[in-house]
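Comments concern the structure below.
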Amino acid sequence: MDTSKWANVTYEEKKAELEATYLPSAAAYRLEKWLELNPDKSPKAKKVAKKESKKEE
Amino acid sequence: MAYFTGKDVDVWITTEHMNDYIEVTDNELVVNRTSATSLTEAREDITSDALFSGALGNAGSTVNRLTDLTGVDVSVGASDEDLNFFGLRNVGKIEIKKDTSVTITRKKSNNKNLIAFQGTTASADSKSSGAHGARWGLVYDDDTKMVLNDATVDPKSALDDTSNQCYGYRVFVELKGESASGAGDGTVLVIPNCTMMDYSGSVSNDSANEETFTFSSMVKPKVMNSEKVSVTTSPSAANDYFGTAAGAGVGFVTQTAAADM
Numbered sequence: 001m002d003t004s005k006w007a008n009v010t011y012e013e014k015k016a017e018l019e020a021t022y023l024p025s026a027a028a029y030r031l032e033k034w035l036e037l038n039p040d041k042s043p044k045a046k047k048v049a050k051k052e053s054k055k056e057e
Numbered sequence: 001m002a003y004f005t006g007k008d009v010d011v012w013i014t015t016e017h018m019n020d021y022i023e024v025t026d027n028e029l030v031v032n033r034t035s036a037t038s039l040t041e042a043r044e045d046i047t048s049d050a051l052f053s054g055a056l057g058n059a060g061s062t063v064n065r066l067t068d069l070t071g072v073d074v075s076v077g078a079s080d081e082d083l084n085f086f087g088l089r090n091v092g093k094i095e096i097k098k099d100t101s102v103t104i105t106r107k108k109s110n111n112k113n114l115i116a117f118q119g120t121t122a123s124a125d126s127k128s129s130g131a132h133g134a135r136w137g138l139v140y141d142d143d144t145k146m147v148l149n150d151a152t153v154d155p156k157s158a159l160d161d162t163s164n165q166c167y168g169y170r171v172f173v174e175l176k177g178e179s180a181s182g183a184g185d186g187t188v189l190v191i192p193n194c195t196m197m198d199y200s201g202s203v204s205n206d207s208a209n210e211e212t213f214t215f216s217s218m219v220k221p222k223v224m225n226s227e228k229v230s231v232t233t234s235p236s237a238a239n240d241y242f243g244t245a246a247g248a249g250v251g252f253v254t255q256t257a258a259a260d261m
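Protein chains in written order, with this note's numbering: chain A, 1 to 57; chain B, 1 to 261.
Dropping the structure here:
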């Protein structure tokens with residue numbers, strides 16, 4: 001799948017889009033699938049990245 | 001009834017979901033679910049495992065159309081109710097519903113269409129246990145995801161995860177391509193909410209093996225005379241018959257209204 005179309009989309013934006021389009025449980029399922037394709041965009045990944053950048057400093 | 005040879009027309013068969021479609025993996029039917037939220041995101045080339053032409057958002061692309069067609073037989077009709085009135089000679093011919101079917105013959109290149117008719121479906125992607133084909137398209141399983149309909153959900157009750165009508169397949173028959181890009185003189189026949197009715201195959205030692213399958217629908221078909229832009233990029237023409245980038249306009253990828261089922 002071409003994931004480049006989501007290059008500039010944040011987790012929060014995608015979550016809001018999916019919740020506006022799909023029924024709640026379906027939106028949650030699709031968000032989970034989207035994170036599998038875009039693991040670097042998950043909130044957890046962001047936290048880890050922040051911690052690592054602080055350590056480097 | 002009109003018969004077209006394969007080179008006369010382009011045909012797309014899609015699910016009635018904007019971006020979810022069916023795949024055949026290890027001889028089992030499974031659902032390919034995406035995270036697309038707009039028609040632009042849904043527009044992409046289908047996977048090699050995809051059944052037919054993918055989802056509604058995949059229609060219109062040259063890559064996604066049915067290949068190796070040898071014949072397309074389109075039958076358009078309607079069921080009328082005859083009403084007799086005292087003192088009147090003529091009979092009221094009141095239309096009840098349309099009756100449209102498309103029979104497609106193609107050179108058999110794999111077993112995907114056969115599996116679509118007879119199954120089986122992976123249990124995780126089925127409305128029930130999975131011992132069925134893909135004749136009735138997709139349906140929301142009321143839990144989390146789109147699954148294959150097992151025919152226990154009636155056509156009008158078969159909704160998707162956006163609460164829109166999702167029964168069966170949509171068949172697009174492009175009767176005439178545009179004479180030039182943007183000319184607006186292309187013609188497409190759209191038959192929504194079709195059921196896969198039958199499947200047969202032929203084996204020959206001196207010609208190509210062929211398969212024939214039929215789609216039938218009682219939902220009113222539509223004909224559109226308009227233009228088509230490159231759907232795998234970003235369609236923007238308001239009168240494009242495969243819809244605009246935002247999923248708006250008069251494109252025939254709009255799902256059927258409940259009142260029309």
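For every residue, glycine included, the Cβ atom is placed at its ideal position computed from N, Cα and C.
Note that the structure is a prediction, hence the values are computed from the model and not measured.
Using a Cβ-Cβ distance cut-off of 8 angstroms, determine whether residue i contacts chain B.
{"i": "A49(A)", "result": "no"}
{"i": "K33(A)", "result": "yes"}
{"i": "T21(A)", "result": "yes"}
{"i": "E17(A)", "result": "yes"}
{"i": "S25(A)", "result": "yes"}
{"i": "Y11(A)", "result": "no"}
{"i": "K5(A)", "result": "yes"}
{"i": "S53(A)", "result": "no"}
{"i": "N8(A)", "result": "no"}
Could you tell me which of the options sits nearest to residue i, measuring between CA atoms?
{"i": "D99(B)", "options": "P192(B), T256(B), Q118(B) and K127(B)", "result": "P192(B)"}
{"i": "Y22(A)", "options": "E210(B), S163(B) and G177(B)", "result": "S163(B)"}
{"i": "S79(B)", "options": "S217(B), D154(B) and A2(B)", "result": "S217(B)"}
{"i": "E174(B)", "options": "T14(B), V190(B) and M196(B)", "result": "V190(B)"}
{"i": "P155(B)", "options": "A2(B), D142(B), V11(B) and E16(B)", "result": "E16(B)"}
{"i": "I104(B)", "options": "G71(B), Y167(B) and T254(B)", "result": "G71(B)"}
{"i": "D142(B)", "options": "W136(B), N64(B), K127(B) and D82(B)", "result": "K127(B)"}
{"i": "D20(B)", "options": "I46(B), Y3(B) and A55(B)", "result": "A55(B)"}
{"i": "Y199(B)", "options": "N110(B), A116(B), D206(B) and A257(B)", "result": "A116(B)"}
{"i": "M1(B)", "options": "M18(B), S38(B) and V74(B)", "result": "V74(B)"}
{"i": "F252(B)", "options": "D185(B), P221(B) and A259(B)", "result": "P221(B)"}
{"i": "W12(B)", "options": "L66(B), K112(B) and N209(B)", "result": "L66(B)"}
{"i": "F4(B)", "options": "R106(B), G184(B), D160(B) and G87(B)", "result": "R106(B)"}
{"i": "G6(B)", "options": "S53(B), L69(B) and T62(B)", "result": "L69(B)"}
{"i": "V9(B)", "options": "D26(B), C194(B), E41(B) and G186(B)", "result": "G186(B)"}
{"i": "M18(B)", "options": "A258(B), T152(B), S207(B) and L159(B)", "result": "L159(B)"}
{"i": "G168(B)", "options": "A180(B), R135(B), A208(B) and V147(B)", "result": "R135(B)"}
{"i": "S179(B)", "options": "N225(B), S207(B), S204(B) and A257(B)", "result": "N225(B)"}
Could you tell me whether any Cβ in chain A is nearer than 8 angstroms to the Cβ of residue i?
{"i": "E41(B)", "result": "yes"}
{"i": "R89(B)", "result": "no"}
{"i": "S35(B)", "result": "yes"}
{"i": "A257(B)", "result": "no"}
{"i": "S163(B)", "result": "yes"}
Cβ atoms of residue j and residue i: under 8 angstroms apart, would you say?
{"i": "D23(B)", "j": "A50(B)", "result": "Checking the sequence, you will find Glu at residue 23(B) rather than Asp. It is a contact, given that the beta carbons lie within the stated cut-off."}
{"i": "G130(B)", "j": "T144(B)", "result": "no"}
{"i": "K108(B)", "j": "G177(B)", "result": "no"}
{"i": "V102(B)", "j": "F215(B)", "result": "yes"}
{"i": "Y11(A)", "j": "P39(A)", "result": "no"}
{"i": "F172(B)", "j": "A59(B)", "result": "yes"}
{"i": "L31(A)", "j": "K15(A)", "result": "yes"}
{"i": "V31(B)", "j": "L138(B)", "result": "yes"}
{"i": "T14(B)", "j": "S53(B)", "result": "yes"}
{"i": "A27(A)", "j": "L35(A)", "result": "no"}
{"i": "V153(B)", "j": "D125(B)", "result": "no"}
Buried or exposed for residue i, going by 16 or more other Cβ atoms inside 10 Å?
{"i": "R170(B)", "result": "buried"}
{"i": "A20(A)", "result": "exposed"}
{"i": "Q118(B)", "result": "exposed"}
{"i": "D150(B)", "result": "buried"}
{"i": "R43(B)", "result": "buried"}
{"i": "V223(B)", "result": "exposed"}
{"i": "N113(B)", "result": "buried"}
{"i": "E211(B)", "result": "buried"}
{"i": "I94(B)", "result": "exposed"}
{"i": "R33(B)", "result": "buried"}
*Chain-ordered residues of the region 133-161 of chain B with a beta carbon less than 9 angstroms from chain A*: Y140, D142, D143, T144, K145, M146, D160 and D161
Report task. Please list the residues of the region 55-78 of chain B that have a C-beta atom closer than 8 angstroms to any C-beta atom in chain A, keeping them in chain order. Result -> none
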